[in-house]
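Residue numbers (our numbering), protein chains in the order written: chain A, 1 to 423; chain B, 1 to 115. Glycine included, each C-beta is placed from N, C-alpha and C at the ideal position. These notes are about the structure you will find just below.
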């Protein structure tokens, strides 16, 4: 039986859903601001050195942040279509992750340098760019490097433009081979693999910067006061998504329970394994749980936390579900209650949302190990960021990869029996 | 070892995991490389009741080829001993055939992978 596949009618439908979703996201921006306000906001977003944590809602306004996110995603969807990439769970994870991070670090300017670097790598290997498309999309985690050089350094433009281009292209060029190599460290228990890769690359680049006397200041641009508007908006969106999934699943919940029994380790592509209906319902549940968690702890719904929510939604097509995420969030929450920071500390809000990169640990090894992973992650993620000074937007992927790389072999050693599952 | 060979090794390793998990103690592996493709064949006698597992195995190995996913994830195939990543092997395979003789318990897995 032949497994080969072209872009099918099903793919075209899914592309249409994705396009409409992000078109709507961009259009929503115009409810928050005037066209001229949005244009000005976009300019401020594009010219901001946007390493962690830079909330685009604080830099350019809520409207411009929405438009930036929607437009970046629409361009990425166009790229995927152009490359004739079939839609799978990882496609959805990549697009929603980019949508999320386009609220705090990725913009219409800085993502293309990294993607061009990946394209150069494909040319060098004499292979189609489409094979490395996910490295290109996720590799944009390092996009702030480009904007930092362009807009954060005091050098003249004739120095900064070639330097930023060279940095972006070089980083993009090395991401694909590292992606496959680094996967072995955490054995697929860290869902943000390119975040792990980008953490190392970002640390090396920052060390080079520091060698030339550049010491970036830590920054925290964190807007507040949007909960009353954004919470109902996104709860309604996730409600509609759930309903759509329910209808597409023949008005049944079947498949959802089986989906939630999966450990979620890479490669668990819910879209391929369970179809669109259960996957959409799971994505909606993930998003709604994330918003409700933020409201429950007195957190803020803003650019960075929306990034976390969107990443949860996206990866709910590729490994995450409420059952394997809950222990990780519980671990971070226990940390928040017992350590020197509170649950509503901005970085801990993000650690809880993005820490679900470790959901497969809970899914595979159980609730207690999941809590332990979340607990350790909440401390590590606050320290590991200094290595790359926030140039790697997927800081939680860096931390999650490290936690998984250390924790999983220990758990394996302590585990009794050798149960094997066909997954 | 070439990139292609390395990937085939991982695929075979994963399939060996599957056969071991089905209680096979004697397994024959045959790999044939041609200019543009590999034929991979594994045969073993399953000692456990595998009817339920077989259905799942068939479905996962017949997953659509996905070169985009393969590029980053291939190294996970066959990498751990408690979990199998058959869907990944399916994504690295163009054609899959699984035959099981209920009387003798002999299971044959045949894969074709285009380079």
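Amino acids of chain B, ordered along the chain, whose beta-carbon sits closer than 7 Å to that of residue i
i: residue 55(A); result: Going along chain B, no residue has its Cβ under 7 Å from residue 55(A), so there is no contact; the nearest lies around 30 Å.
i: residue 130(A); result: 68
i: residue 179(A); result: 72
i: residue 90(A); result: 69
CA-to-CA distance, residue j to residue i, given in whole angstroms
i: residue 51(B); j: residue 177(A); result: 39 Å
i: residue 313(A); j: residue 286(A); result: 6 Å
i: residue 421(A); j: residue 56(B); result: In this prediction, residue 421(A) has a pLDDT of 48, which is less than 50 and means its spatial position is unreliable; what the coordinates show is noted afterwards. Spanning the two alpha carbons is a distance of roughly 11 Å.
i: residue 87(B); j: residue 317(A); result: 15 Å
i: residue 408(A); j: residue 181(A); result: 17 Å
i: residue 40(B); j: residue 393(A); result: 41 Å
i: residue 100(B); j: residue 11(B); result: 20 Å
i: residue 91(A); j: residue 16(A); result: 13 Å
i: residue 193(A); j: residue 103(B); result: 45 Å
i: residue 292(A); j: residue 8(B); result: 45 Å
i: residue 229(A); j: residue 58(B); result: 48 Å
i: residue 173(A); j: residue 167(A); result: 10 Å
i: residue 119(A); j: residue 235(A); result: 38 Å
i: residue 97(B); j: residue 15(B); result: 13 Å
i: residue 218(A); j: residue 52(A); result: 8 Å
i: residue 14(A); j: residue 87(A); result: 7 Å
i: residue 142(A); j: residue 72(A); result: 15 Å
i: residue 53(B); j: residue 274(A); result: 17 Å
i: residue 265(A); j: residue 379(A); result: 23 Å
i: residue 240(A); j: residue 200(A); result: 39 Å
i: residue 183(A); j: residue 38(A); result: 40 Å
i: residue 17(B); j: residue 78(B); result: 7 Å
i: residue 112(B); j: residue 90(B); result: 10 Å
i: residue 63(B); j: residue 85(A); result: 15 Å
i: residue 423(A); j: residue 76(B); result: Low confidence applies to residue 423(A): its pLDDT is 48, below 50, so where it sits in the model is not reliable enough to give any reading.
i: residue 164(A); j: residue 31(A); result: 35 Å
i: residue 410(A); j: residue 34(B); result: 42 Å
i: residue 227(A); j: residue 95(A); result: 24 Å
i: residue 31(B); j: residue 5(B); result: 11 Å
Residue i vs residue j beta-carbon contact at 7 Å
i: residue 153(A); j: residue 304(A); result: no
i: residue 373(A); j: residue 358(A); result: yes
i: residue 388(A); j: residue 203(A); result: yes
i: residue 196(A); j: residue 397(A); result: yes
i: residue 67(B); j: residue 94(B); result: no
i: residue 355(A); j: residue 340(A); result: no
i: residue 334(A); j: residue 231(A); result: no
i: residue 45(A); j: residue 107(A); result: yes
i: residue 55(A); j: residue 158(A); result: no
i: residue 370(A); j: residue 381(A); result: no
i: residue 48(B); j: residue 69(B); result: no
i: residue 169(A); j: residue 116(A); result: yes
i: residue 105(B); j: residue 26(B); result: no
i: residue 186(A); j: residue 404(A); result: yes
i: residue 310(A); j: residue 100(A); result: yes
i: residue 110(B); j: residue 131(A); result: no
i: residue 128(A); j: residue 50(A); result: no
i: residue 140(A); j: residue 175(A); result: no
i: residue 401(A); j: residue 344(A); result: no
i: residue 29(A); j: residue 60(A); result: no
Chain-ordered neighbours of residue i on chain B, where CB pairs are closer than 8 Å
i: residue 272(A); result: 63, 64 and 87
i: residue 11(A); result: Here the premise fails: no neighbours, minimum Cβ distance about 11 Å.
i: residue 267(A); result: 69, 73, 76, 85, 87, 88 and 91
i: residue 133(A); result: 68
i: residue 396(A); result: None at all; the shortest Cβ gap to chain B is about 19 Å.
i: residue 193(A); result: 72
i: residue 176(A); result: 71 and 72
Closer than 9 Å at the beta carbon, the chain A residues around residue i
i: residue 2(B); result: Those do not exist, as residue 2(B) stays about 13 Å from chain A at its closest Cβ, beyond 9 Å.
i: residue 79(B); result: 183, 184, 187 and 188
i: residue 107(B); result: By Cβ distance, chain A contributes nothing, its closest Cβ being about 13 Å from residue 107(B), past 9 Å.
Proximity test, residue i beta-carbon vs the ligand FAD heavy atom, cut-off 6 Å
i: residue 56(B); result: What this structure holds is no ligand at all, so the ligand FAD is not there to describe.
Interface partners of residue i on chain B, CB under 9 Å
i: residue 86(A); result: 64, 66 and 68
i: residue 116(A); result: Within chain B, no residue comes near residue 116(A); the closest Cβ sits about 18 Å away, beyond 9 Å.
i: residue 409(A); result: Near residue 409(A) there are no residues of chain B at all, since even the closest Cβ is about 10 Å away, more than 9 Å.
Q) On the three-pair Cβ rule with 8 Å, is the stretch 233–244 of chain A touching the stretch 206–221 of chain A? A) no
Q. Does the stretch 258–271 of chain A come close enough to the stretch 319–336 of chain A to have 3 or more Cβ pairs within less than 8 Å?
A. The stretch 258–271 of chain A vs the stretch 319–336 of chain A: in contact.
Q: Just list the alpha helix (DSSP H) runs in the stretch 50–78 of chain B, keeping only unbroken ones of 4 residues or longer that don't cross its boundaries, in chain order.
A: Runs of the alpha helix (DSSP H) inside the stretch 50–78 of chain B: 51–61 and 67–73.
Q: Could I get the ranges of all uninterrupted alpha helix (DSSP H) runs contained in the stretch 154–198 of chain A, with 4 residues as the minimum, in chain order?
A: 157–186
Q) Would you say the stretch 68–80 of chain A touches the stretch 276–285 of chain A, given that touching needs at least three Cβ pairs under 8 Å? A) no
Q.
Report the start-end ranges of each beta strand (DSSP E) in the stretch 269–343 of chain A that is 3 residues or longer and not cut off at the edges.
A. none
Q: Any chance you could list the alpha helix (DSSP H) runs of at least 4 consecutive residues sitting entirely within the stretch 55–139 of chain A, in chain order?
A: 56–59, 62–82, 89–101, 111–125 and 133–139
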